[in-house]
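All residue numbers for the sequence shown refer to this note's numbering, where the first residue is 147 and numbers rise by one. Even for Gly, the Cβ is constructed at its ideal location relative to N, Cα and C. Here's the structure, in structure tokens; my notes come after.
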Amino acid sequence: MNTWNNTSLPAHERATALLAAMSRREKIHQLASFWERNEEESVPAPEPAGAGELDGQAGPADTAHQVAPWPTRSR
């Protein structure tokens with residue numbers, strides 16, 4: 147079992163072990179949410195998510211035309 151998979155250890159210790167085991171390239175790719183596809187694997191890597199795709203809901207560009215009316219005061 148890898149140290150970072152051992153749930154009995156504190157999170158800080160697990161994170162430190164995982165970062166120590168990762169290559170610089172893997173760390174950089176995690177910052178950009180980039181995964182290389184390995185054509186030999188049967189399960190494809192996930193596609194990087196854009197800002198409007200993070201939760202699967204419509205993004206700002208999809209709803210930009212749906213705005214609430216400006217509130218007015220009645221006198």
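Which value, in whole angstroms, describes the spacing of the CA atoms of residue i and residue j?
| i | j | result |
| --- | --- | --- |
| A167 | N148 | 10 Å |
| L164 | K173 | 10 Å |
| A152 | H175 | Here residue 152 is Asn; the residue named in the question, Ala, does not match the sequence. Going from the Cα of N152 to the Cα of H175 covers about 24 Å. |
| R170 | E159 | 19 Å |
Among residues of its own chain, excluding the 5 on either side of residue i, which ones have a beta-carbon nearer than 8 Å to its beta-carbon?
| i | result |
| --- | --- |
| A161 | W150 |
Does the beta carbon of residue i fall short of 8 Å from some heavy atom of the ligand GTP?
| i | result |
| --- | --- |
| H175 | The ligand GTP is absent from the structure shown, which contains no ligands of any kind. |
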